Amino acid sequence: MANLVQLVELHHELQILSLWECDRMEEEVAEMVREGRLHTDHLERLVLPIIPETALPPCPRLKYLEFGDVWFREAKELSSAFSESLGNLVQLHELHMTGASVPESVGNLTQLRVLHVDVSGRDPLPETLRNLVRLQILHVPWSKCERLPEHVGDLVSLRDLLLVCGELVELPSSLGRLSQLRTLNLRYCKNLERLPESLGLLTQLRELNLGGCQKLEGLPDSVLGLTQLTQLEITRCTKLTLKEEVRHALTERGCKIF
Numbered sequence: 012m013a014n015l016v017q018l019v020e021l022h023h024e025l026q027i028l029s030l031w032e033c034d035r036m037e038e039e040v041a042e043m044v045r046e047g048r049l050h051t052d053h054l055e056r057l058v059l060p061i062i063p064e065t066a067l068p069p070c071p072r073l074k075y076l077e078f079g080d081v082w083f084r085e086a087k088e089l090s091s092a093f094s095e096s097l098g099n100l101v102q103l104h105e106l107h108m109t110g111a112s113v114p115e116s117v118g119n120l121t122q123l124r125v126l127h128v129d130v131s132g133r134d135p136l137p138e139t140l141r142n143l144v145r146l147q148i149l150h151v152p153w154s155k156c157e158r159l160p161e162h163v164g165d166l167v168s169l170r171d172l173l174l175v176c177g178e179l180v181e182l183p184s185s186l187g188r189l190s191q192l193r194t195l196n197l198r199y200c201k202n203l204e205r206l207p208e209s210l211g212l213l214t215q216l217r218e219l220n221l222g223g224c225q226k227l228e229g230l231p232d233s234v235l236g237l238t239q240l241t242q243l244e245i246t247r248c249t250k251l252t253l254k255e256e257v258r259h260a261l262t263e264r265g266c267k268i269f
């Protein structure tokens with residue numbers, strides 16, 4: 012629908028609205044939001060190709076929201092009006108953001124299960140994120156952050172953590188509190204120098220992806236505590252030396268190392 016330029020009318024009981032690849036609709040969408048022409052009382056899924064400047068109308072049933080500019084990943088501060096309205100989407104289960112910094116108001120979204128933040132900022136995760144105790148999936152590709160904040164350890168329901176952060180140097184010890192974590196993906200964290208000893212507390216971890224972590228020299232001995240680990244990727248880890256006893260113990264348990 013790349014040639015779509017105008018929406019004449021939207022049904023007042025519309026449940027799903029996606030305008031993601033409607034490249035010529037950006038101004039029209041922005042105007043609809045400004046003028047309150049989006050009928051949102053029944054909306055459950057909303058995909059916008061822009062970062063709105065004005066507040067979203069009330070969306071009491073919204074479960075899925077995706078917005079942003081896929082061609083512009085530099086961190087843009089959200090307007091106060093849009094940030095506040097975002098924090099009012101208390102039934103939201105899944106949020107995908109591109110090219111925008113995560114506002115403090117996201118901490119109000121206590122029903123959130125999935126958060127995907129595609130932005131190149133250095134501080135992508137505000138402290139209020141610790142309120143998201145039901146969050147199960149957190150994906151932060153292309154961030155420039157050097158250190159993950161300690162409060163990430165408060166995300167006690169997290170099962171899948173993906174960080175593609177080329178500037179990331181180390182992970183906090185609070186990582187060990189993520190007792191439900193199944194997948195930890197640190198691929199292409201090329202400046203990552205060490206992993207915390209608390210890594211061994213992740214007793215439910217199944218997959219650990221360290222591919223492309225070029226400065227990582229070794230794994231903590233506590234990795235032997237990862238009794239459920241089935242896959243360890245260490246390709247392109249040019250400085251990494253895996254102790255023979257660690258390799259043997261993991262492979263004996265059926266863990267694939269490649």
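The sequence shown begins at 12 in the working numbering and counts up by one.
C-beta atoms are modelled at their ideal positions from N, C-alpha and C, and glycine is treated no differently.
Every value quoted in this text rests on a predicted model; they were computed, and no experiment measured them.
Exercise. Is there at least one non-hydrogen atom of the ligand COA closer than 6 Å to the beta-carbon of residue 220?
Worked result: With respect to the ligand COA, the structure shown offers nothing to examine, as it has no ligands at all.
Exercise. So, are the CB atoms of residue 97 and residue 111 less than 7 Å apart?
Worked result: no
For this session: For residue 115, collect the residues of the same chain with a Cβ closer than 7 Å to its Cβ; drop the 5 residues on either side in sequence, then sort them by chain order.
Result: 137, 139
Problem set entry | Collapsed DSSP secondary structure at residue 109 in the structure displayed | strand
Problem set entry | Which listed residue (161, 26, 104, 231) has its alpha carbon closest to that of residue 146 | 104
Exercise. Exposed or buried, which one is residue 78 when buried takes at least 16 other CB atoms within 10 Å?
Worked result: buried
For this session: Could you check the C-alpha separation between residue 149 and residue 196 for me, to the nearest Å?
Result: 11 Å
Exercise. Are the beta-carbon atoms belonging to residue 215 and residue 191 less than 7 Å from one another?
Worked result: yes
Exercise. Under 7 Å, do residue 245 and residue 221 count as touching if we go by C-beta distance?
Worked result: yes
Problem set entry | Bridge partner(s) assigned by DSSP for residue 7 | With the chain covering 12 to 269 only, the question about residue 7 has no answer from this structure.
Problem set entry | Residues of its chain near residue 218, where Cβ-Cβ distance is below 6 Å and the 5 sequence neighbours each way are ignored | 194, 242
Exercise. In the structure shown, what three-state DSSP assignment does residue 77 receive?
Worked result: strand
Exercise. CB-CB under 6 Å to residue 94, same chain, minus the five flanking residues each way: which ones, in chain order?
Worked result: 114, 116
Problem set entry | First through last residue of the beta strand (DSSP E) which encompasses residue 150 | 148 to 152
For this session: Following the continuous alpha helix (DSSP H) through residue 56, name the residue where it begins and the one where it ends.
Result: No alpha helix (DSSP H) contains residue 56, which is instead part of the beta strand (DSSP E) from 56 to 59.
Problem set entry | Cβ separation of residue 211 and residue 237, assumed to be a contact under 8 Å, to the nearest whole Å | 6 Å
For this session: Have a look at 50, 92, 74, 161 and flag the residue whose alpha-carbon is nearest the alpha-carbon of residue 63.
Result: 92
For this session: Round the Cβ separation of residue 199 and residue 229 to the nearest angstrom and send it over; I've been treating them as touching at under 8 Å.
Result: Actually they are not in contact, since the Cβ atoms of residue 199 and residue 229 sit about 19 Å apart, beyond 8 Å.
Problem set entry | Three-state secondary structure (DSSP) of residue 195 | strand
Exercise. Taking DSSP as the reference, what is the three-state secondary structure of residue 204?
Worked result: coil
Exercise. Can you tell me the Cα-Cα spacing of residue 46 and residue 249, whole angstroms?
Worked result: 55 Å
Problem set entry | Rounded separation between residue 134 and residue 42 - CA only | 31 Å
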